[in-house]
Structure formats: C-alpha cells, structure tokens
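Protein chains in written order, with my numbering: chain Y, -3 to 209; chain D, 223 to 971; chain E, 28 to 325. Glycine included, C-beta positions come from ideal geometry on N, C-alpha and C. First comes the structure, then the notes that go with it.
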Amino acid sequence: MSNMNEQMAAKYKNNFLKEIEEQAEMGDWVKMCMQCGVCSGSCPTNFHAGWDHPPQEIFMMIRAGKREEVLTSNSMWQCTSCYNCYVRCPRKVPITHIMHGIAEYAYRLGLAPKMQPSLHLSQTFWNNATKHGRVNEVQLTQSLYFKDGIGAGIKKAMEMKDVALGLVKAKRLNIMEALGGGHKCKDVDGIHKMLAKAKELEAKRKAGKAAGA
Amino acid sequence: MAAEKKHAAYICSGCGLGERLDIDALEGVAKKDGKMQVVRTHDFLCSQGGVAMIQNDIDNDGVTHVAIAACSRRAKTEAFNFPTTAISRGNLREGVIWVRPDTDEARETTQEMAEDYVRMACAEVKAMTQPAGNPNTGTVKTLLVVGGGMTGMTAALEASKAGYKVVLVEKTGALGGWAAKLYKRVPTREPFKAPQDNGVADLVSQIEADSNIKVYTNATIAKTSGAPGRFKVDIAVESGPTVTEDIGAILQATGFNLYDVNKLPQLGGGQANVVDQAGLEALARAANGGAIKRADGKEVKSVVFVQCAGQRDTSGEHLSYCSGYCCNTSIKQAMYFKDNNPDIDTVVLFTDLRTPGNGEDFYRSAQNKGVIFSKGVVSGVTASGGGCTVKFHDLILDDKNAQIDADLVVLATGAVPNSGVNIDNPVDAPAAAPAEGEAPAAPVVEEKPISILNLDYRQGPDVPQFKYGFTDSHFICFPYETRRTGIYTAGPVRRPMDIAQAQEDATGAAMKAIQAMENAGLGKAAHPRAGDLSFPSVRLEGCTQCKRCTVECPFGAIDEDEKRFPLFNESRCRRCGTCMGACPVRVISFENYSVNTVGAQIKAVNIPDEFSEKPRILILACENDAYPALDMAAMNRNEYSAWVRAIPVRCLGSVNTIWITDALNSGYDGVMLMGCKHGEDYQCHFVKGSELGRYRLSKVGDTLKGMNLETERVFDMEVAITDMDTLPKKINEYAEMIQGFGPSPFKGF
Amino acid sequence: MARKEYAFYPGCSSQKGASASNYLTSVESMCKTLDIKITEIPDWNCCGASISYAEAGELPRHAMNARNFALAESNLPGQDIVATCAACWLGARESKERLEHNDRLMADTQEALKEAGLNIKTIPEIKHMVEVLIEDLGYDELKKPVKKPLNGMKFAGYVGCQTNRPFGIHGESFENPVYLDKLIETVGGEATPYDQKVTCCGGALAFSEPDKAQAQIKDIIEAAYDSGAEMLVTPCPLCQANTEVYQGQINKKYGTKFQMPVLYYSQLMTLAYGGSAKEAGLDGNVIRARKLEEFAGK
C-alpha cells in the first residue's frame, strides 16, 4: 500500500490539489471553497474534542500542498454524514462527499490512521452488507465489539448488555442471526460478481487519471 | 402681486378636528388674536370645494396671505398649492389631535395647543412675502466635464444623449484615463466569466462622432467663476490660447492615482520583480495574449498577488480604506496568466475577498480556472533566486511562517482620489498673494496638490473634501452633489469604485447636473429645497462686515464685493438659511423665511402665568428629518406633552440665537432644538448646517447663566427621520424635567 | 386495485427481527388504511448507507443501488420506488442523481450490472414514504381516515438529517422543516417547537464514536423535554434507534433521567386511524410508550 502512496506522490509531484481533484470523490470541488468557514461552524462534531481540522482547513491545506498532513488526518473520519455543511455551503461545495472522498483516498493509499474506529466500522459494515447482500445486524455488532480482541469485546458487550436486552425484548435484535441465520439475497453470487467488476472499473479509471497526470 | 395685503385664515374641521376641538373658539382666535380679515371654516378643506373656497377668495376677494389651520405642512401640499399667495400652515392634526389623548382631562390643554397653532400660523403668514424669484439667473445649458476617463466620457455621452451640449476637458493628450491602460477589463456582461475588452476605443469613437461634445485635450481649467447657469470657465490649452467657455453646470470626473508602490518597501515596492496593478497591465499589454514576461524578459511561471497592499491599513501609515476594485482586478490579472497557460501557479493572498456585484461569478470562474486563493496577511516580500519570496501569515491554518516563491509579485495598492486642493487644510490652500512691497513667501518643498477647478470663490479653488481626500457629498441622499451648487463629482474622485460603478455614477451625476442647469435657469433652488424660489437678501446698511455668512455658507455661495460686503450668488444658494442663523445683526432674510417669520410665531404663543402649572416648551425642528419624525410619531398616534409648540426650521444652521433668547425672555420654560446628526457620518441635508448651528448654539449656555436660568432648559437633540417612536418619549422626559425646574421667572414680563 | 402502487424498498433494518422491524409493522398498517399498495422489490439488496464510503469506494455503492433500480424496473414496471429508511432513500437518490448526470459512471455501472445479468433503462423515481404521504396523497387525504385524534399529546418532531439534507422534502427549509410537525398535527397531536429538530444524532458514529454521538443525542432529548414534549417522533430508523436505545447510557453518564419514547410517524398514524398497539408496532419500542398503549386500548 505504501508503495501506491509513493507512486501517486511521484505522479502528482507537488500538485496535491490536482491529485485530490482526480483521485478523491468530488475532489474537483475543493478549489471552489471560499474559506468562509460556514462548514466548520455547522459541523455537529465540532463541539467535541479530538478532531484536527474542520473542512475549511482541510481544503486550505490541500491548496497549500500539505499532503501528508491531510491524508493522515483523523478529521475526515469524524463525519457523521449529516450533510449540514453541504446544504449550508454558500458555494454549494458538496463537502460531505469530499470528506468521504478524501478519507477513502487516504485509506486506499494506506495512510488512514491506524485503528480508526469509523474506518473499521466502514470496512465491517460494507463487508457485512455485501457478504449476503443485506446487513446482518447481530454479526455486524459482534464484529464491532470484538475488533479489539475477545476480552475487550466481552467488556464492551457487557457495557452494552442493557441496550441489547432492550432490543431483544422488543423483538428488534434476533440472536439467531449470529448463527448464520438472518436475511440474505438470493443472487448473492451475482452481487459479488457485480461488485468485483465495479471495483475493477473504478481502480482502472483512477489509475488512468494518475497516468495522465 | 397685489399691492394691498389681505390676510385670511381657513380652519378645517375634517379628519376628526371638529370632534376634538372647539372650532368656533379657533375661529375667534384667528379673528381676535390673529387679526385675520377673513376667517372661514370648512369640514373638508382639502376637498375640491374647500380648495375652491380659498381660490375664490384669492381671485375675487383680494386675499394675498393665507393661513391654513388643518394638517401638517407636509400633508396635502398639492391641494393647498396657491402659487401667487403666501401660505402658512397651522398643524392641528399631526401637531395636536393625533399626539394628544382623547380624554376629558386632556381636552383643555389640547384646545390650548390648537389655539396657539392658529395664532402661530396667522403670525407667520403676516410676516411672509411670496417670493418673486431670483432675477439674477443664467440660462446656459452647456455641461463642462473635467476629466476624460471612463467616468468623464460616459457623463459627456449621457448628457449629449439627453440633448445637452458638453465641453470635455482632458489634461493628457488622449481620452481614456486609466481604462485605456488596461489590457482588458473586468466583465460587465453575462456570464461574467472572462476579462473583456476595456471598451475605451468604443467610447472615444462615439465621442468623436458626437457633434454635441467639444473636446479639449492637453487642457486644464485655469479659472472658474460665476454660478450655475452662468459659469465662465477659462480653459488653458497646452501650446495654445486660453479659451473661455460659457457653462451651465460642471461635472468633475478627475479620477484617481495609484497609491505609490515605493511607499511599500516591506512588500517589495521598488524591487525589480514586484509591480503594482498598473505595472502588470503594461506587461499584459506587451504580451497581448501570449506568455507574460517580466521586465528582464523572463517568462513568468508563478505569480503571487498581494491584496490590500498599503490599503485598509490600521497603522495610520498608508491608506486606511478599501479601494473597492482591486480584488476583481487581481482576479482578472490572474486570469491573464491562467488563460495563457493553466500550469502557471497563480496565488491570490487576501484577507477578505471583496467582489461586489457580479464579481462573485467572476471569482468563481477564476477558482474554476485553477487560481488559488489563500487567506493570509503578507509580512514581507524579498528578492530570492531569480524571483521573490512572499512571507505571510496563513490565517486559516494559523501558520505565521508560511511562504511562497514566485517569479513575479503584484501589489494591489489601491486608489488615491485626484480631487485637487484641500481647501480646509491650510497647508494645501494656496498662500495669500504677498502684499505689495513684501518679498514673496519662501518656496515650499513638499509637492502641493494642484487645483483642478480654480474656482474664484471666496472659500477656495476646489470643491470641499471629506475623508481621505474624496470629495464631500451627502452620501445617502445626494451622492453626486458637492458643496458647490451646480458642480458635481462622479467616479473614483468621489469614493472608491470600479469602472462599472463609475459609469453608473457618471450617468447619475450628469442627470443631476442637467437638473441643476434647468433649475438655475428658472431661478429655482437645487435639492433639498428643489423648486424653492426664495433667496437670501441682505440689508447692507445694517451689515457690520463680520463675514460670518461668507465663512459659514456650506455651499460657498457668498463672495465679497469690492467694499467687503457679502455678495450673494443666488444661483449657488441652497436656501438652508445658515447665513441667516449666523448673522449677529440679523440683516439676512428670505421673503418667506426670516428672523421675523419664526420670531412672530414664537411671540404669538399664549404664555400662561406662573401659577397655571402649564409650562411652554418651544421646539425648533429641522424640516428635513425632525419635523417629519414628529409627523410620523403622530401618524402612529405616539402621544407627547401638551406643553410643546413646534416650529419647523429649514436647518438647525438657520436658527438664530435671538429666537432662543426671545423665547426665554417671553416666559417659555424651555427650548428643544432638533437637528440632524453632524460629524463624520453626518445626516444634515445641508452637510455643515447642523454642525454650524450646534456650534453657534453651544454658546447659549452663557446667556442662560446670565439670565439665572438652568442651562438644561435649552436642549440640543439629534433627531433622525426614523425616530418616530423614541422622539415622543424624549419630549415627555424633557417636559417632566422642565416641570421639575418650576416655572420660568420671566413669565409675565 | 389500490389507489397507489409502489415498488417497496424496506431496507435491511426493517426486516423481521431487525432494529426497525416495528417501523415496517406500522407502515404496513398505515398503508392498508390509506389504500396504498407496496410490493417489495424482489431480492433487493443493501444501499450501502453513508458509512460504507471508505471500504466501498464510489462505483460499487452506485452498483448496489443500481441493482435495486434494475430489479424494480423489470419486476414492477412503471412504479416509483418508495423507501421507508432515510439512509436507503438518500443512498438511492444520490446514486440516481450521479448516474443520470454522469454518462461515464452510468456506462461503468451498466457494465458491472451485466455481471449480475441486469440492465437499467430508466431509473424509476425514488420517494421516501413521507413524500408519498404528503405529496402523492396530501395532508387532507391523510386526515380523512383519522378516527381517534391524538388530542392533548405533545410530540417533538425529530426530523434529523437524511430525509432533510441534502435533498430534503420538496418545499421544506433545511433549517426548519415543518412536514413532520404537520403530520403530527394532522393526526391531532401537538408538535412542540424546539431547537434540535435537525441536529444530527451521530448517525453511524453512534457505533464507532459512542461518546461523541451520545453527547449529541443528549442535547436532542433534553431540548425535546424542555419544549414540553412527551415523546419524540422521527421518520428515520437510525434516528429512532440512536435517540431511543442510548437513553439509559446517557442517564448513567450525565445523571439525567431520560425516559422518552421515540416513535415513528407511521405509528402515530396507525393509532389515529384506529389501529391496535400491535398493528402500530408499539411492542417494538424499547422505551415503552405507555400513554399510547393506553390510548390504543381505549
């Protein structure tokens, strides 16, 4: 992975803005930011500690060529997908998608922060959803709890036991799903082939852009 | 005009006046106290029938002076319009019944208020004469435009299109001004995405083809004398004879100069690879769409634009204002590079990008083209390698040591108005000619501004300036008007602006100048008393040559004759009455507004004795803001004290201190003066009137002390037209305070 | 024949035994009363939701949604797709918009779909159930079947994010959408005004960053209580779950005494239309809505 990072860095030389424009979803909108800061002020997570840079700063850093700092940042991973920045942006910059896009690119390059919980959730969720075509909520929860090992998983499960029990009582958590039950699509095979093709095409397209850089 | 005076009063009982007031008693007051020869009432005076009744008396009964006791003088002006007859108005509706409660307890004091307003209207009209008009008019309808840049050319063409002759004077050898030096200009049309042709050639060819416009190039104004409608302007043409033109009105469009880049050495001013915006235009013109090269011939591959260079400066060293056009200009100049080669690094460093109007679309277009905009404050530009290093504080990332290297740096230095001599600054004002036999004054080393208009007015050779050297004008109400009647300024000499704004400005100012010429020809005043035929006259035998009137006139209307008496130029006068207020011997008056017309009203009020517990408070209210605010308070039924008697004045500047001392001597308990805001953000419609008035009236305190009266009895109040809700409260607070002082000891004398 | 027919996209959480199964119960009851026929898209799959962005990338997400479009189009021709889940609706709408405006993305998507033996001709309209109610039927029609108005009950309409932004319900403002309040009023309840109506509940971060999400949830519940509301009402399964199931943990952490039931609009409507507690899925609420249970029993 770090190899891909070096390749991309070399291909785009010092033009990190161009790299983001071509490689990150909706990245070509970054240049349209006018640095008013409405996004930063609109982000619900802004009120909590632990986030490095609001979108306004991320965009400015991209223009300033701070590649390493942006791609290793934990900022994009804080996004709750609430779209408040998106609708309030006076420039109609699709900030939510750009934050997702930069995060995805950082992950693709192997630069995303290690043990980033939302990255882990993203991986787990997608793998869970695409395994059978539909989400298996029990298995999803299990994978999330036990990501840090069995001990931590049990501890976490104990913490959350009231929540889980409530859901079970309300028939909204089916323990049986843990044992391979649960909902599935019929044409799982077709879905897998389709997704493999989609991944292949996307990789090809992005590599093509980098080649032209 | 009829030789015999016949006075008539008309009292209206409509709009609820009849229900609230004893109309018969008012009729009696008009006869007995007002001494009116004819007194009539009508239940709907502003109706056709009511107006016909008055007109009939004027036409068939020889009535020459009419007191109308009905609504405010600001209401029903079209109905009560009798051009040959002197008219006064007793304000019974807005001044009385609408500001008083309809209760049994209030009935007596409300009636007293109404009776006083009837007495005042009768007294005022008896002291008035209907103005005959200014005999000293000039009817020249040629507009002089000074300055042949975008503003001047546009003004000349617009005036010509409206059917007026224009004389256009340009000091350089060609028309076009700054715009002619631009490679391209900021777009003025949809989709506002790319620079467009500077438009100069088109305007020049239109002017050349226009038979209404006479152009003098390499020419300056040697002397301007006269007044609107009859200016005489000497035009000095380089290597040629001086020409004198008859001019009706003047439009000064003398533009600006760039702030000197050499005053900014810390930003690289003076370095080889640092240019100002004009410098970049020259490079772009030389490149003509090709690669832009520096002075040393090197092709520019990276460029940094520094916004607000020497502008919006808080240190006091440079320009403290924003020049308004530079952001769009830098966006345009960045596009010069990007349109030629998208790989050229173009960075604009700004603190606030200000792109008025459709500049927002232009800004977006530049972002789309890949121009990088960074929010930062530049701390220094130094030469390095083959180019420059720009050090800046990145405001978004709060990086104080950010820096960029560039082949070329462009400084947006902004505009300094080219407004001529600052007549209020003794350093700039021309030294008085040395008296005969004296040695001429030592030559001054510092370069002085050169006069543009060379007015032969007593108050100085150019139009007065406001802040930062921009010409003074009433920013909100009359933006193009200078403080010299018939002389208008437009474009960046008036305030910072771009070409599009300057062209709009030019059009507006040309229209105002045409209005001024037309009014001057009819002997009528320009705004804000547009159409007024009255003008000041002076009883010279009483004049002590103190010169207060000539010094204080905010419009430079008064010169001095050879015997050092004031010489009024009626066509330059705005009829504010500041001269009348200033005159210590009270020899200046208007036919329909004088020390007498107001003084008679003050004296007409019935002053109850000290045991009545009914104080009387005189309000002198500016007719432009304060009096309308009182009317609007009435429309909103905001009640106020029954002790007040309000008289409108043309301007606080016209208030003569005799009115105040007379009022206090005759037993009034207090005087409220209501005028517009003065100072840096003045609202005064006569610009300096309220300030001069206030200064004059600030001395009244001594008089009060001399009379052993509380100084607070005279209260100076700033009133804006929007104060209709707060004003009544303030009046009531003041009335309460006055009541607390107890009655004036001068009652009954 | 029913007066309206839709290709129904219930989404993963609405399935039997899943976290929003009671939403589906109440939606089915409501639709029955309103004579709306909803037919499940055969073999529909997950939309990917927002959180999959990192692992999925762009095209695979669109492919997942495109598969549902193709299935709806071929099996239920001419029918608009209706989703009950805010995230499903948003994911599907986003994909529709991108694919319709980007020919290259559409071509790639078709190529991927081919692997599953599918193809898109025209992407159907995609509606949220709320749009079906207020746009296709209208408040007047929704009011007609009301048999038992929820008089005297106070609800805080919690709109949240994804039915509101970035697309939103037509004609509504992002900052203060009122459709949910109007729905509450249509069935006789009182909508209390409060300032957290469109605040984010944390979304998927309730799993990955629980402390941060719970802080946001606390603000929402607190504001609802302050407004005098007895219950929260929402159009989104994740909003519902997040604001309901973490109240106990929030109470522990912040010393609050939250015990506010969180309902779906469809549950209120089912009850107002005379449905039973079971038909309204009230047994699916973790924090039981006792007042509504009593109301349903009357």
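Whole-number beta carbon distance between residue j and residue i, since they are thought to touch under 8 Å
{"i": "residue 149 (chain E)", "j": "residue 100 (chain E)", "result": "7 Å"}
{"i": "residue 165 (chain E)", "j": "residue 225 (chain E)", "result": "With a Cβ gap of about 24 Å, residue 165 (chain E) and residue 225 (chain E) do not count as contacting."}
{"i": "residue 808 (chain D)", "j": "residue 890 (chain D)", "result": "Wrong, their Cβ atoms sit about 19 Å apart, outside the cutoff."}
{"i": "residue 389 (chain D)", "j": "residue 364 (chain D)", "result": "6 Å"}
{"i": "residue 86 (chain E)", "j": "residue 197 (chain Y)", "result": "6 Å"}
{"i": "residue 286 (chain E)", "j": "residue 314 (chain E)", "result": "6 Å"}
{"i": "residue 251 (chain D)", "j": "residue 337 (chain D)", "result": "5 Å"}
{"i": "residue 72 (chain E)", "j": "residue 129 (chain Y)", "result": "4 Å"}
{"i": "residue 135 (chain E)", "j": "residue 181 (chain Y)", "result": "Not confirmed; about 22 Å, so no contact."}
{"i": "residue 898 (chain D)", "j": "residue 847 (chain D)", "result": "5 Å"}
{"i": "residue 442 (chain D)", "j": "residue 458 (chain D)", "result": "5 Å"}
{"i": "residue 886 (chain D)", "j": "residue 966 (chain D)", "result": "7 Å"}
{"i": "residue 132 (chain Y)", "j": "residue 173 (chain Y)", "result": "5 Å"}
For residue i: DSSP bridge partner residues
{"i": "residue 234 (chain D)", "result": "D:264"}
{"i": "residue 130 (chain Y)", "result": "According to DSSP, which records beta bridges pairwise, residue 130 (chain Y) is partnered with nothing at all."}
{"i": "residue 313 (chain D)", "result": "D:292"}
{"i": "residue 340 (chain D)", "result": "Looking at the DSSP assignment, residue 340 (chain D) forms no beta bridge with any residue, so it has no partner."}
{"i": "residue 614 (chain D)", "result": "D:600 and D:624"}
{"i": "residue 709 (chain D)", "result": "D:472"}
{"i": "residue 62 (chain E)", "result": "Per DSSP, none; premise fails for residue 62 (chain E)."}
{"i": "residue 208 (chain E)", "result": "Answer is none; residue 208 (chain E) lacks a bridge partner."}
{"i": "residue 407 (chain D)", "result": "D:418"}
{"i": "residue 296 (chain E)", "result": "DSSP lists no partner for residue 296 (chain E)."}
{"i": "residue 696 (chain D)", "result": "D:700"}
Boundaries (first-last residue) of the alpha helix (DSSP H) holding residue i
{"i": "residue 814 (chain D)", "result": "No alpha helix (DSSP H) holds residue 814 (chain D); DSSP gives it neither H nor E."}
{"i": "residue 850 (chain D)", "result": "848 to 857"}
{"i": "residue 106 (chain Y)", "result": "Per DSSP, residue 106 (chain Y) belongs to no alpha helix (DSSP H) and is neither H nor E."}
{"i": "residue 41 (chain E)", "result": "Premise fails: residue 41 (chain E) is in no alpha helix (DSSP H) and is neither H nor E."}
{"i": "residue 801 (chain D)", "result": "800 to 804"}
{"i": "residue 249 (chain D)", "result": "245 to 254"}
{"i": "residue 12 (chain Y)", "result": "12 to 19"}
{"i": "residue 207 (chain Y)", "result": "184 to 208"}
{"i": "residue 948 (chain D)", "result": "948 to 963"}
N-terminal and C-terminal residue of the beta strand (DSSP E) that residue i is part of
{"i": "residue 36 (chain E)", "result": "31 to 36"}
{"i": "residue 639 (chain D)", "result": "637 to 639"}
{"i": "residue 279 (chain E)", "result": "No beta strand (DSSP E) contains residue 279 (chain E), which is instead part of the alpha helix (DSSP H) from 274 to 281."}
{"i": "residue 792 (chain D)", "result": "Note, residue 792 (chain D): premise wrong, no beta strand (DSSP E); not H, not E."}
Residue i: CB within 6 Å of a non-hydrogen atom of the ligand NAD
{"i": "residue 58 (chain Y)", "result": "Here there are no bound small molecules, and the ligand NAD is not part of this structure."}
*asked:* Taking contact to mean 3 or more Cβ pairs, one atom from each stretch, closer than 8 Å, check whether the region 298 to 316 of chain D and the region 337 to 351 of chain D are in contact.
replied: The region 298 to 316 of chain D is in contact with the region 337 to 351 of chain D.
*asked:* Report the start-end ranges of each beta strand (DSSP E) in the region 522 to 595 of chain D that is 3 residues or longer and not cut off at the edges.
replied: Listed in chain order, they are 524 to 528 and 567 to 572.
*Quick one: any contact between the region 795 to 804 of chain D and the region 749 to 757 of chain D, if contact means 3 or more CB pairs under 8 Å?*
In the pairwise beta carbon analysis, the region 795 to 804 of chain D is classified as touching the region 749 to 757 of chain D: at least three pairs are separated by under 8 Å.
*Please list the segments of the beta strand (DSSP E) lying wholly inside the region 744 to 788 of chain D, counting only runs of 3 or more residues, in order along the chain.*
Taking only runs of at least 3 residues, the beta strand (DSSP E) segments lying wholly in the region 744 to 788 of chain D are 780 to 782.
*For the region 486 to 506 of chain D and the region 634 to 647 of chain D, state whether three or more C-beta atom pairs, one from each stretch, are separated by less than 8 Å.*
Contact between the region 486 to 506 of chain D and the region 634 to 647 of chain D is present: 3 or more CB-CB pairs across the two stretches fall below 8 Å.
*Those runs of the alpha helix (DSSP H) which lie wholly inside the region 116 to 173 of chain E and span at least 4 residues*: Runs found: 130 to 142 and 166 to 170.
*Is there contact here, the region 31 to 45 of chain E with the region 278 to 297 of chain E, by at least three beta-carbon pairs under 8 Å?*
Taking 8 Å as the limit for Cβ pairs, the verdict is that the region 278 to 297 of chain E does not touch the region 31 to 45 of chain E.
*Residue ranges of each alpha helix (DSSP H) run of no fewer than 4 residues wholly in the region 850 to 900 of chain D, ordered along the chain?*
Entirely contained in the region 850 to 900 of chain D, the alpha helix (DSSP H) runs reaching 4 residues are, in chain order, 879 to 887.
_Under 8 Å: do the region 575 to 591 of chain D and the region 19 to 31 of chain Y share three or more Cβ pairs, one atom per stretch?_
Yes, the region 575 to 591 of chain D is in contact with the region 19 to 31 of chain Y.
_For the pair the region 139 to 158 of chain Y and the region 79 to 99 of chain E, tell me if three or more CB-CB distances fall below 8 Å._
Taking one beta carbon from each stretch, the region 139 to 158 of chain Y and the region 79 to 99 of chain E have fewer than 3 pairs nearer than 8 Å; the two do not touch.
*asked:* Quick check on the DSSP output: what are the complete alpha helix (DSSP H) runs of length 4 or more inside the region 52 to 96 of chain Y, in order along the chain?
replied: Within the region 52 to 96 of chain Y, the complete alpha helix (DSSP H) runs of at least 4 residues are 63 to 67 and 80 to 84.
*asked:* I'd like to know if the region 227 to 237 of chain E and the region 137 to 155 of chain E are in contact, where contact means that at least 3 CB-CB pairs between them fall below 8 Å.
replied: No, the region 227 to 237 of chain E does not touch the region 137 to 155 of chain E.
*Which runs of the beta strand (DSSP E), 3 residues or longer, sit entirely within the region 210 to 266 of chain E?*
Runs found: 258 to 261.
*Would you check if there are 3 or more beta carbon pairs closer than 8 Å linking the region 437 to 451 of chain D to the region 693 to 710 of chain D?*
Cβ pair count under 8 Å is three or more, so yes.
_When you compare the region 457 to 467 of chain D with the region 762 to 769 of chain D, are there three or more beta-carbon pairs, one atom per stretch, that lie closer than 8 Å?_
No: the two stretches stay apart, fewer than three of their Cβ pairs being nearer than 8 Å.
*At least three beta-carbon pairs within less than 8 Å, the region 500 to 516 of chain D to the region 593 to 606 of chain D*: The region 500 to 516 of chain D is not in contact with the region 593 to 606 of chain D.
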